[in-house]
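Asker: Let me give you the structure first, and then I'll get to my questions.
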Amino acid sequence: MRLNLAYLMLFVVGFASPLAAQEAYRTDANPDEKLPWYQTVPGQFPPEGSAHYFSGELVGVDHIRRTGVLRVSRTDAQRRSHWDLPIDFRMLPYGSVAHHGAPAALKDIPLGTHLHGWFYYKDKDEETHSIFLNRKSIEDGFNKAFRLEDDFTYYQNKKQLWLVDSVDLKEMQIYLVSQAAGVKEPTKIKLDLTSATRVYQGEKIGTLEDIEPGQTVLFNLTWATLYGIGRCTDLWLDEQSRAIATAQQLEQHRLYQKDRGLAGIIEAVDNPNRVLTVTLFGGVDPQLIEDFKVSGPVHVVVAEPTLQIYDQVNDRKAGPILEKTEIDKQPGSSGIQIRVQPQMLLEGYRPGRIVRIFPMNWPVVTLPTEETLWPERN
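Those letters in the sequence shown? Residues 1276 to 1653, by my numbering.
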């Protein structure tokens, strides 16, 4: 196991000589092939609408280092010979994940889950290694993940449910019609059911026999685009079952973050007064940010762009929050900035560096050894 040292060096060194923001770049909304894709800048959040969207299936993951492998879904833009090719990705420090309609970590996403993703193009002169049978996916260069969502979250965010038109348990297929406001021609799709499809209805675990025409559903898929739209792994038949799934994932997220602290980026350091100005990253439950209160003490731990730490129990420094303000909410940012005064400034407290912060009412616990940076070997 090893960190991508070139990536970490780029992240740190970039702050010594900030890169100029791109004046013109290609986007999904403006697919001008003469323009380059937007390049993320260390220490800066990206502009709205600058990420590139595509979907795929999670076929490999290192949740500790927030990296993974995605088998890209088939589209009309691909040649048949380039179907089903994988890409490697890493989560940006401010990149976020959502599952079942709530914030999540990569470890919460089962392998084989179809995901919707927004990505940025690789760093200049960076090599990618997503080669399979001497071929590369057309999305190969997009290895910096900004946002990943399962189907449940994706359609919930779009306020798009699916109406069961019919179900054929002999052929193990379900026919759905999209239910979205303002859509004149609803989309009709056919999903494959299996004997392993998990069905949820109300507070109970349902069965395939509980599926009826007229129900409004959400689903998650696997084997997406290999043989049709995909196999249905999970099917939620009503609002109550969906609310339960979201609530369970939300509690998992809250526990995960309280054990590891909320991550943010140091915007400025006032050395004489020992004051750090930190912008907290987005993609987290806003209720967690409410625990950051002015005058309330917090613990500040240095982290790497992977959000890993060395020893959060012994490496933390405590101090009060002097100020908590709302700022412009850019992509990747929570829109919340705090000024904190730790009892001592550590080497890692530098502009552009990542920290994880614990309000005093969050216990700082020892993480499993494999999550820390100590096991790393050259």
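For each residue, glycine too, the CB sits at the ideal point set by N, CA and C.
Using CA coordinates, which residue listed in G1557, A1543, G1558 is at the minimum distance from L1551?
Answerer: Cα-wise, what sits closest to L1551 is A1543.
Asker: Counting only runs that start and end within the region 1528-1568, where is the alpha helix (DSSP H) found for 4 or more residues in a row?
Answerer: Within the region 1528-1568, the complete alpha helix (DSSP H) runs of at least 4 residues are 1561-1564.
Asker: Per DSSP, which one or two residues make a beta bridge with F1394?
Answerer: F1394 is bridged to H1327, A1420.
Asker: First and last residue of the beta strand (DSSP E) that includes F1633?
Answerer: From DSSP, the beta strand (DSSP E) with F1633 extends over 1629-1634.
Asker: Can you tell me whether A1291 is helix, strand or coil according to DSSP?
Answerer: Its pLDDT being 37, under 50, A1291 is placed unreliably by the model, and the measurement read from it follows with that caveat. It is coil, neither helix nor strand.
Asker: Going by other Cβ atoms of all chains shown within 10 Å of its Cβ, with 16 needed for buried, is T1644 buried or exposed?
Answerer: Per the 10 Å Cβ criterion, exposed.
Asker: Are F1364 and N1409 close, meaning C-beta to C-beta below 7 Å?
Answerer: Going by C-beta atoms, F1364 is not nearer than 7 Å to N1409.
Asker: Between which residues of its own chain and Y1282 is the CB-CB distance below 6 Å, once the five residues before and five after are set aside?
Answerer: Model confidence at Y1282 stands at a pLDDT of 37, short of 50, so the residue's coordinates are unreliable; what they give is reported in the following sentence. For Y1282, where only same-chain residues beyond five positions count, there are no Cβ hits under 6 Å.
Asker: Rounded to whole angstroms, what's the CA-CA distance from Q1532 to S1356? Just pull it up for me.
Answerer: Near 42 Å, if we compare the C-alpha coordinates of S1356 and Q1532.
Asker: Flag this pair as yes or no: are the beta carbons of I1602 and L1555 separated by less than 7 Å?
Answerer: Contact flag unset, no.
Asker: Are the region 1370-1378 and the region 1511-1529 in contact at 8 Å, needing three or more beta carbon pairs?
Answerer: At 8 Å Cβ cutoff, the stretches touch.
Asker: CB F1633 to CB V1639, shorter than 7 Å?
Answerer: Yes, the pair counts as a contact, with Cβ atoms nearer than the cut-off.
Asker: Here's the rule I'm using: 16 or more other beta-carbon atoms within 10 Å means buried, otherwise exposed. How should R1341 be labelled?
Answerer: Buried: at least 16 other Cβ atoms inside 10 Å.
Asker: Would you call the CB atoms of V1452 and L1510 closer than 7 Å?
Answerer: Contact flag unset, no.
Asker: Just list the residues that DSSP pairs P1361 with in beta bridges.
Answerer: P1361 pairs with R1346.
Asker: Is there at least one Cβ from chain C nearer than 7 Å to H1574's Cβ?
Answerer: No chain C is present in this structure, which holds just one protein chain.
Asker: Starting from Y1429 and walking both ways along the alpha helix (DSSP H), at which residues does that stretch end?
Answerer: Element bounds for Y1429: 1426-1432.
Asker: If you draw a straight line from the C-alpha of V1344 to the C-alpha of N1548, how long is it?
Answerer: Their Cα atoms are separated by approximately 44 Å.
Asker: Going by the CB atoms, is the gap between L1466 and I1519 shorter than 7 Å?
Answerer: Not a contact, by the Cβ cut-off of 7 Å.
Asker: Relative to the alpha-carbon of E1565, which residue among K1599, S1348, Y1395, K1459 has its alpha-carbon at the smallest distance?
Answerer: Nearest C-alpha to E1565: K1599.
Asker: The beta strand (DSSP E) that contains V1639, what's its start and end?
Answerer: No beta strand (DSSP E) holds V1639; DSSP gives it neither H nor E.
Asker: Taking all protein chains shown into account, decide if G1392 is buried (16 or more other Cβ within 10 angstroms of its Cβ) or exposed.
Answerer: Buried, because 16 or more other Cβ atoms sit within 10 Å of the Cβ of G1392.
Asker: What do you reckon, are the CB atoms on K1592 and P1572 nearer than 7 Å?
Answerer: Cβ atoms of K1592 and P1572: not closer than 7 Å.
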